[in-house]
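Visitor: Before anything else, here's the structure in question.
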Amino acid sequence: MSIILRCVDFSSSPIQVVEYFLEFLIVDDTTGKSLFDVIMNELNVLGLDISNLRGQGYDNGSNMKGKHQGVQKRFLDVNPRAFYTPCGCHSLNLVLCDMANCCSKAITFFGVVQRIYTIFSSSPKRWKILLDHIPSLTLKSLSQTRWESRIESVKAIRFQTSEIRDALLKLTEVNDEPRIKSEAECLATYELGKFEFLLGMIIWYEILFAVNTVSKHFQSKNMRMDVAIEQLKGLISFFEKYREDGFENAMISAKEIASEMDIEPKFREKRIIHRKKRFDESVDNEVSKTPEESFKSDYFLYILDHAITSFQSRFEQFKIYQDIFGFLFSIEKLRSLEIENLKECCLNLECSLKHNDNSDIDGLDLFSELKILREIIHVENDTPIDILNYIIRMNSFTNAFVAYRIMLTIHVTVASAERSFSKLKLIKSYLRSTMSQQRLNGLALLAIEKEMLTEIDYNSLINDFASQKARKVNF
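Per the numbering used here, residue 338 is the first one in the sequence shown, and the count goes up by one each step.
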């Protein structure tokens, strides 16, 4: 596992929210208690006081986010002011996983997408046939952990449906293996040749594109809580609007693709099963749905309702942050609050940042500072960082200074930790399989924090190294 430190660097002007890689840790036991002990020991070695911790972020593993035995709960037992945030990018990916597994049609759709990739990728000759037919986008495999796997997989089929079907038909002509021949013909005729698949492909691409756009912004190193909450609200709003008018627009796009592929834009009708009625049953109360209505209600509306519910449950912590820190997001919000509401928000923040008899701020003093600050402040951009820059220039408002620093310190995602693991694959390759842990951490620190290397005076480092290693003793 890797440790990333997020803090507000106000040593330079303007201030920045920065994240620093500390090191990789060897973990033999992945239980919540074992991970907590490893992290605590390492923080003690680094000289970092746990009482100064104001935010913690992990993925959504049960050993990390567990409410009773997870790492975050054990840190909260030691320091209740260490706000825990589940990674926003992981949560978005889990929302997609919930949607993809919520009904049989969605499971079947992604099963077909994976089958198309598998049949071509299993052989260099088949992959060459695919490349001869598609203009640009290659097929991608699905993954439960890669955040962009689903959008990349669907995108390649969405914009090259006709070409991929031609490649499958070509495969049936040149391949003599019965299993591959049958599989390719089935995919070309009974999957890509169905209007229901084309419509589902349009719907999933638009859904995945919207989620992936927000996920890209979430991965920014300086992503702030207020921006994340606003983007999440916008994403939920998109799903609600798409639920109302998205089906009709998707039908138009699907019919255009079906026309290009000479596919009849028609839903497959299921055979009606006539059940024997009892004498007291009313036949008039039965309402039969058309295939299109059934597709819309049982598939389209079902996955969108499931998505909205999943968003609300997986991002509960963001709602809590908005209740605690929301009034600090902008000067406009501060000015819009009545005096009593502003005082209540300040006292609520004091309670949230209080442990035993220690408190980071004084609520009444913060209330007095914000009353003055919201009247005299003038910033070009109304963001928390600009407000904090103004407070530093004024060299005043000590409680507001602490409150804004804590708010900006809280994690939104753990994308930086994921990037460190990507760098780990480049550093510890099969040629360096016997590398020691100390050397690995040193090389990783140099590679990940390479921007800091430009500020180091190498002459002084060389002189220090030479003085320590010199055999000649200076008298």
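For glycine and all other residues, C-beta sits at the position ideal for the given N, C-alpha and C.
Can you name, in chain order, every residue of its own chain whose Cβ lies under 6 Å from the Cβ of Pro628, other than the five neighbours on each side?
Guide: Phe604, Glu606
Visitor: Measure the C-alpha to C-alpha separation of Ser441 and Gln497 and round it to an integer number of angstroms.
Guide: Distance between Ser441 and Gln497, taken at the CA atoms: about 25 Å.
Visitor: In this structure, how does DSSP classify Gln497 when only helix, strand and coil are distinguished?
Guide: coil
Visitor: For Phe555, which of Ser399, Lys465, Pro423, Gln774 has the nearest alpha-carbon?
Guide: Pro423
Visitor: May I ask you to report which of helix, strand or coil DSSP gives Leu433?
Guide: Helix at Leu433.
Visitor: Helix, strand or coil for Lys492? Go by DSSP, reduced to three states.
Guide: helix
Visitor: Going by DSSP in three states, Val716 sits in which element: helix, strand or coil?
Guide: Of the three classes helix, strand and coil, the one that applies to Val716 here is coil, per DSSP.
Visitor: Please classify Gln393: is it buried, with 16 or more other beta-carbons within 10 angstroms of its beta-carbon, or exposed?
Guide: By the neighbour-count criterion, in which 16 or more other beta carbons inside 10 Å mark a residue as buried, Gln393 falls on the buried side.
Visitor: Given a threshold of 16 other Cβ atoms within 10 Å of its Cβ, counted over all protein chains shown, does His405 qualify as buried or as exposed?
Guide: exposed
Visitor: Taking the alpha carbon of Gln568 as the point to measure from, which residue in Ile594, Lys592, Phe652, Met598 has its own alpha carbon closest?
Guide: Phe652
Visitor: Assuming Gly537 is part of the alpha helix (DSSP H), what are its boundary residues?
Guide: 532–555
Visitor: Could you give the residue range of the beta strand (DSSP E) that holds Thr455?
Guide: Per DSSP, Thr455 belongs to no beta strand (DSSP E); it is in the alpha helix (DSSP H), 441–458.
Visitor: Which value, in whole angstroms, describes the spacing of the CA atoms of Thr526 and Gln481?
Guide: 28 Å
Visitor: Should Ser388 and Phe361 be called a contact, given that it needs their Cβ atoms to be closer than 7 Å?
Guide: no
Visitor: How many angstroms separate the CA atom of Ala504 from the CA atom of Arg483?
Guide: 27 Å
Visitor: Measuring alpha carbon to alpha carbon, tell me which of Phe575, Cys683, Ile676, Gly571 ends up nearest Phe662.
Guide: Cys683
Visitor: Could you please give the first and the last residue of the uninterrupted alpha helix (DSSP H) stretch that includes Gln481?
Guide: Looking at the DSSP string, Gln481 is not in any alpha helix (DSSP H), and its letter there is neither H nor E.
Visitor: Hey, Val749 and Met560: beta-carbon distance below 7 Å or not?
Guide: yes
Visitor: Please identify the residue among Ser757, Glu489, His470, Leu674 whose C-alpha is closest to the C-alpha of Val450.
Guide: Glu489
Visitor: Taking the beta carbon of Ala740 as the centre, do at least 16 other beta carbons fall within 10 Å, making it buried, or is it exposed?
Guide: buried
Visitor: Of all the options Leu790, Met789, Glu788, Lys765, which has the alpha carbon lying nearest to the alpha carbon of Asn778?
Guide: Lys765
Visitor: With H, G and I counted as helix, E and B as strand and the rest as coil, what does DSSP make of Ser348?
Guide: coil
Visitor: How would you label Leu710, buried or exposed, when you count the other beta carbons within 10 angstroms and need 16 or more for buried?
Guide: Classification of Leu710: buried, given that the 10 Å Cβ count is 16 or more.
Visitor: Less than 6 Å between C-beta atoms, sequence neighbours within five positions excluded: which residues of the same chain meet that for Phe446?
Guide: Gly537
Visitor: Cys688: buried (16+ other C-beta within 10 angstroms of its C-beta) or exposed?
Guide: Per the 10 Å Cβ criterion, exposed.
Visitor: Determine which residues share a DSSP beta bridge with Pro423 and list them.
Guide: Tyr395
Visitor: List the endpoints of the continuous alpha helix (DSSP H) containing Glu522.
Guide: 515–523
Visitor: Take the Cβ of Tyr421 as the centre, count every other Cβ of all protein chains shown within 10 Å, and call the residue buried at 16 or more, exposed below.
Guide: Looking at its Cβ environment, which holds 16 or more other Cβ atoms inside 10 Å, Tyr421 is buried.
Visitor: So, under 8 Å CB-CB, Leu707 and Leu679 are touching, yes? Tell me the CB distance rounded to an integer number of Å.
Guide: 6 Å
Visitor: Taking all protein chains shown into account, decide if Asn512 is buried (16 or more other Cβ within 10 angstroms of its Cβ) or exposed.
Guide: buried
Visitor: State the Cα-Cα distance for the pair Glu677 and Leu665, rounded to the nearest angstrom.
Guide: 16 Å
Visitor: Given Asn685, which residues of its chain have a CB within under 7 Å of its CB, disregarding the five upstream and five downstream residues?
Guide: Ile661
Visitor: Quick one, which of Asp435, Ala419, Asn378 has its alpha-carbon nearest Lys822's?
Guide: As shown, the chain starts at 338 and ends at 812. That puts residue 822 outside it, with no answer to give.
Visitor: Return the bridge partner residues of Ser574 from the DSSP annotation.
Guide: The partner list for Ser574 (beta bridge, DSSP) is empty, contrary to what the question assumes.
Visitor: Nearest to Thr735 by alpha carbon, out of Ile714, Glu522, Asp719, Asp702?
Guide: Asp702
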